[in-house]
Each structure stands twice: as structure tokens, then as C-alpha cells.
Amino acid sequence: MPRQGLQTVNKAQTLSKEAYDFKNKRVSIMNKVMPILLFLCASVSVLTTIGIVVTLISETYQFFQKIPIFDFLFGTKWSPLIPPKSFGVLPLLSGTLMITFIACLVAIPLGLASAIYLSEYAPKRVRKIVKPILEVLAGVPTIVYGYFALSLITPLIQSIFNSAGVFNALSAGIVVGIMIIPMVCSLSEDAMSSVPRTLRDGAYALGATRFEVALKIVVPAAFSGIVASAVLAFSRAIGETMIVTVAAGSTPNMTANPLDSIQTMTAYIVQVSLGDTPHGTIEYGSIFAVGMTLFVITFLLNILAQYIARKFREEY
Amino acid sequence: MEALININKLNLFYGAFHALKDVSLTIPEKAITAFIGPSGCGKSTLLRTLNRMNDMIPGTRIEGGIAIGGTEIYSNEVDVETLRKKVGMVFQQPNPFPKSIYDNVAYGPRLHGITSKRELDEIVETSLKSAVLWEEVKDHLKRSAFGLSGGQQQRLCIARALAVNPNILLMDEATSALDPISTLKIEELAQELKDKYTIVMVTHNMHQAARVSNQTVFFLNGEVIEYSDTEKLFSNPTDQRTEDYISGRFG
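Chain order of the listed sequences is A and B.
Counting from 1, one number per residue, gives the positions in the first sequence under full-length UniProt numbering.
Counting from 1, one number per residue, gives the positions in the second sequence under full-length UniProt numbering.
Below, the structure written as C-alpha cells:
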């Protein structure tokens, strides 16, 4: 009998020992492996960025060995394929900026207005239907937009302005604008609907109308988000390729007339990439210089956006 | 005390939910009326009908009438914005706008078309003085309202409401998010304001109602059970349920 008692005690001891064994091998390996795995996944995009920047810089550097950087930045004639060759980027830059300007003129007011409608006026049911549709619009392939510009908007413009060419900046700009409306709208709407209800109530209780609340309370409170959406839209418009390649033409043209055919930086890159320009030539190098210009502009814009967003943040 | 607000057989529905049932009530002018009752009894809902803030909630339906100074506020001729200008409101959570102290107070007057700097300065000063905040903030009116303490923010919200020159001030549990000292300040402020304004307050705190108000209304499940002079209601309630509630047996 005493022996049996001893056994029970022993059993209890081993049990408690197991219960307090915290060394679980499987979990500790997982804890070590998972962060590394996740880090590798994250580094894919970082490494890609580094790779792109390094390629851009080295090719651009080689290009500027042959063409003086001053001639590139301030030259007003872009004729890389037809002699006498000239590599002044300003015509491409002005073409790009014109498209971007027109696009923003279309997208920012319309996007903002629809965001205000969705966030302040629309019944919940309407918002639930409209927002996903807008986001689908953002997923339409840009080539489709390109032919939309060419086959619908351009004839429309031509019927109003006789001087408009088949390829013109206005048509492409408008359609780029239409393309980025959903982005402006969706991001602005997110910013507006995260403005707390209590702020709106405060204004309503002072006798503000819906429109006054939207314009004087919600928009200022969401301003940093709205600016961020606008700048993002701007850089999206600058980088847009397919629509301008299809609808804006391929004549590097330093003009202020939106009815003229122009060429954007992106469209030029496409043109050279599609052609049979041999690797290592100046023409080939020029697309990297143009790409670098584009990269610097969007990079600066992103910094600007962050600065504005921080500066104008209204905390609530 | 003259009755300023007449509520007559008011029924309010949120969709299918019957939130206020046959509420009839008069609220006296230039006095403090407190609404008390357990959560969900309809006291805040009734308060929000007085400046039609419930209009904003989809599916709200109202039957019966509310007259303020003889005008039926749910009639078609009433301009909601003008009504809200005359019936100010202070909320549970202090909700200053993300602007400076000055701009918070000037927001309402500007909204209603006052642009002269001199006039605005005057309104801001008198409103902040009425809300007993002037001495604390007069040297940094341009600073963000978020730098103020919770109690100061709430007094700023009161100043903001007073700046559009209302007759009535609704306080929706205006002290429930504040510490005891700030609460006391707001209560003292309410006492001062009642000489000029008609105040209706919703409170969870029975002691507050007893301390501050002239008339108390007891709500239960969307009905008004009893209303009378505060002193009478707390010392000698006529309804058993009122007695149970104020003696802490439920709620």
C-alpha cells in the first residue's frame, strides 16, 4: 500500500514536469523562419526599385557622356531619329505636362465633386453600389481608354474645333482625366468619410447646410487626404502611356495648343522600344535619360505630396 | 415661468422602433430643464427633435407636434438651418473643429454672413466670456482648439454655440466625458446662462439634475413618466417608478 502511494506521487511529479515544459521546438523554429520569409517577400519590391534606379542612373550617365546635359534639359528640339539629331527634352516635357494639366483639370473637380456627393449626400445604398463601380472603372485596361479617346472623343472634338488633328493632346488629356477620376474620387471619399460624425454634428447644430458642412468642415478636415489623392492622380497622369501613345500622336512639338499632335515622354519611350533601334546607340540611351527625367519628376511629386499632407493635416 | 416649448403627443419611430411614445411636455423659458432616465429611454432622442438633428438619421418618422414660442417646428415652412441657429446644441464629446480657438467661435457667425473683423472680434470675446473661458484663452486665440483640456474644449463648444445668438441651448450629456472639476465648472456656467437662455439638458447623473435644474423630466422606455419642479420630483415623486429610479433601485 505505501508503495502504491509513492507511485502516485511520482506520477504527479512527472505530470507537473511536462506541464511546465515550455520548450516547444516547432513554434520556436516557426518564430525564426517566418520573419525571414516575410522579409524576403518585402525585399522583392525594394530590390526591384534599387535595380530600376541603378539601371536608369548608369544608362543615363552613359547617355550624358555623349550629349551634354544642358542641351538635353534646355533644348527645344527633340529629333532623336531623324538627322540632324537633337536631344532637347523640353518638347516631350511640355507635351507630358499639357496632357497632365488637362487630365487634372478634368479629374480633380469631377473626382472631388463625386467624392463629396458620395460621402455627404448619397444614401448608404447608393454609395454601396457606386463605389465598387468606380473602382471597376479604375481597372479598365488603358488601351481601351486609348481607343475610346481616338474613336469617340477625338471625332467629338473635331466636330467642335475644325483645326483639331486626328491625334491631339486635348482628346488624350481628357481621357487620361476620365481614367484617373475614380482614383481621385475613391481616395478623397475615404478621407472625407473618416472625418468624424461629431464634427459634422457640431456644424449642423450651428445651422450649417449640408453643402456648407461639406465645403467648410469636411473638405478642410480631409484636406491632406484630398491633396494626396490629387498628387497621386497627377503622377499617374504623368506616367500614363497607352492612352497618349494611341491618341496624342508622336510629334514632339513645343506647343501650347491642345488641338495639336504632341508626344509625351512615355510615348517616346514606347516608340523607340517598338522600333529597331540598336542597343547601345544614342537613341537607345535617350529613352533612359527620358525615363530618368520622368522618374525624378514623379519622385519629387511624391515628396511634395507627403510634405503637403503633413503640413495641412488637421487633426481630429 | 412661461412655457417656451410645447411638446404635444409626440411619437417618434426609428424604422419600426417606437422610440418616443405620446410625449407631452412643456419646457419653461429661461430655466434649466433636465431629462433623466436609464439608457435608451428616449431622453436624447427627444432632445434631438428640438433642433431637428434627428432629420439626419434615415428612417426617422415623427407624429405629433413641437412648438417653440408658438411656431410648429416640424411644419413645412420652417427653415431647419434658422431653427438650429436659434436652438444651439452641445454634445456629449467635446467636438471643436480642427481650427484655432478664434475660428471655432467665429465659425457660426461667419456661416451666417458676418464678415467684419471688428464685429467677429466682439462676438468671439463676448461668447468666450459668457462661456467663462475668456480669461484662460485670451492670449492665444490663434492656437489650435485641440491644445485645450477636455473641459476647456467643452466650454469652447458652448461659446461656439452661443456665438450665433441662440435662445435655447441643448446639452446632450455635456459633462459625461469630463472630470468632476470640469463638470462643476460647466454646471456653474449653466446656472449663469439660464438668466439669458432656456437650457435643456440630458444627463445620466441624477445628482446633476438635482443640483442644477429647475424642472426635471423622468423618462422610461420612450415615455414621460413624470415631470415637475426638480425639488418636488426628487423629494416627493408621484409615480412609483420615478421613486424607484431616483432612489437607485434600477437604472
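The beta-carbon is built from N, C-alpha and C at its ideal position, and this holds for glycine as well.
Original post:
Listing by chain order, which chain A residues have their CB less than 9 Å from the CB of R84/B?
Top reply: Y204, A205, L206, G207, A208
Original post:
Buried or exposed: L150/A, going by 16 or more other Cβ atoms within 10 Å of its Cβ?
Top reply: buried
Original post:
In chain order, what residues of the same chain have a beta carbon less than 7 Å from the beta carbon of Y127/A, not counting five sequence neighbours either side?
Top reply: The sequence shown places Arg at residue 127/A, rather than the Tyr named in the question. Excluding sequence neighbours, R127/A sits near L118.
Original post:
Given a threshold of 16 other Cβ atoms within 10 Å of its Cβ, counted over all protein chains shown, does P96/B qualify as buried or as exposed?
Top reply: buried
Original post:
Which of the three DSSP states, helix, strand or coil, is assigned to D276/A?
Top reply: coil
Subject >> chain A contact for Y107/B (CB, 9 Å cutoff) >> reply: yes
**OP:** Closer than 9 Å by beta-carbon distance: list the chain B residues that pair up with A221/A, in chain order.
**Re:** F97, P98
**OP:** Please list, in chain order, all residues of the same chain as M1/A whose beta carbon is under 8 Å from its beta carbon, the five residues on each side excluded.
**Re:** In this prediction, M1/A has a pLDDT of 44, which is less than 50 and means its spatial position is unreliable; nothing more can be read from the coordinates.
Subject >> Within 9 Å, strictly: CB atoms of A248/A and G177/A >> reply: no
**OP:** Over the uninterrupted alpha helix (DSSP H) stretch that includes P166/B, give me the two end residues.
**Re:** No alpha helix (DSSP H) holds P166/B; DSSP gives it neither H nor E.
Original post:
What alpha helix (DSSP H) runs, 4 residues minimum, are completely inside the stretch 98-178 of chain A?
Top reply: 124-137, 142-148, 154-160
**OP:** Taking only beta carbons into account, state which residues of the stretch 45-78 of chain B come closer than 8 Å to chain A, listed in chain order.
**Re:** Cβ contacts with chain A: N51, M53, M56, P58.
**OP:** Rank G150/B, N165/B, R160/B by C-alpha distance to the C-alpha of T175/B and give the top, closest one.
**Re:** Between T175/B and the set G150/B, N165/B, R160/B, the nearest pair of CA atoms involves G150/B.
Subject >> D55/B versus L148/B - alpha carbon distance >> reply: 31 Å
**OP:** Starting from the beta carbon of T88/B, find every residue of chain A whose beta carbon is closer than 7 Å, and list them in chain order.
**Re:** Looking at the sequence shown, residue 88/B is not Thr but Gly. What G88/B touches in chain A: A205.
Original post:
What does L199/A touch in chain B if you count any residue whose Cβ is under 9 Å from its own?
Top reply: N95, P96, F97, P98
**OP:** Identify the contact partners of E81/B in chain A, using a Cβ-Cβ distance below 8 Å as the criterion.
**Re:** The answer, in chain order, is G207, A208, T209.
**OP:** Check whether the Cβ atoms of K66/A and G285/A sit closer than 9 Å, and answer yes or no.
**Re:** For K66/A and G285/A, yes; Cβs fall inside 9 Å.
Original post:
Just by C-beta distance, which residues in the stretch 214-241 of chain A are closer than 9 Å to chain B?
Top reply: K216, I217, P220, A221
**OP:** Output yes if chain A places a C-beta closer than 9 Å to the C-beta of L133/B; else output no.
**Re:** no
**OP:** Go to T230/B, then tell me how far its alpha helix (DSSP H) extends in each direction, as first and last residue.
**Re:** 230-235
**OP:** Taking E212/A as the query, report the chain B residues whose CB atoms sit under 7 Å from its CB, ordered along the chain.
**Re:** L111
Original post:
Contact between the stretch 151-161 of chain B and the stretch 94-109 of chain B: three or more CB pairs below 8 Å?
Top reply: Yes, since at least three Cβ pairs between the stretch 151-161 of chain B and the stretch 94-109 of chain B fall closer than 8 Å, the two stretches touch.
Original post:
Below 9 Å between beta carbons: does that hold for A209/B and T183/B?
Top reply: 9 Å or more divides the Cβ of A209/B from the Cβ of T183/B.
Original post:
How should G59/B be labelled, buried or exposed, when 16 other C-beta atoms within 10 angstroms of its C-beta is the threshold for buried?
Top reply: Exposed: under 16 other Cβ atoms inside 10 Å.
Subject >> First and last residue of the uninterrupted alpha helix (DSSP H) at Y107/B >> reply: 101-111
Subject >> Same chain, Cβ closer than 8 Å to T298/A, neighbours up to 5 away in sequence not counted >> reply: Hits under 8 Å: S235, I238, G239.
Subject >> is_contact[V164/B, chain A] using C-beta, thresh 9 Å >> reply: yes
Original post:
With a cut-off of 9 Å, does the C-beta of R249/B fall near any C-beta of chain A?
Top reply: no
Original post:
What does F91/B reach in chain A if we use C-beta pairs closer than 8 Å?
Top reply: T198, D201, G202, A205
Subject >> Chain-ordered residues of the stretch 225-245 of chain B with a beta carbon less than 7 Å from chain A >> reply: none
Original post:
Below 8 Å, can you find three or more Cβ-Cβ pairs linking the stretch 162-181 of chain B to the stretch 196-203 of chain B?
Top reply: yes
Subject >> Spatial neighbours of residue 252/B in its chain, beta-carbon cut-off 7 Å, leaving aside the 5 residues before and after >> reply: With chain B represented from 1 up to 251, any question about residue 252/B goes unanswered, as that position is not in the structure.
Original post:
Which full runs of the alpha helix (DSSP H) of 4+ residues lie inside the stretch 1-52 of chain B, going along the chain?
Top reply: Runs of the alpha helix (DSSP H) lying entirely within the stretch 1-52 of chain B and spanning at least 4 residues, in chain order: 43-50.
Subject >> Cα-Cα separation, Y147/A to F167/A >> reply: 11 Å
Original post:
Which residues share a DSSP beta bridge with W134/B?
Top reply: W134/B is not bridged to any residue.
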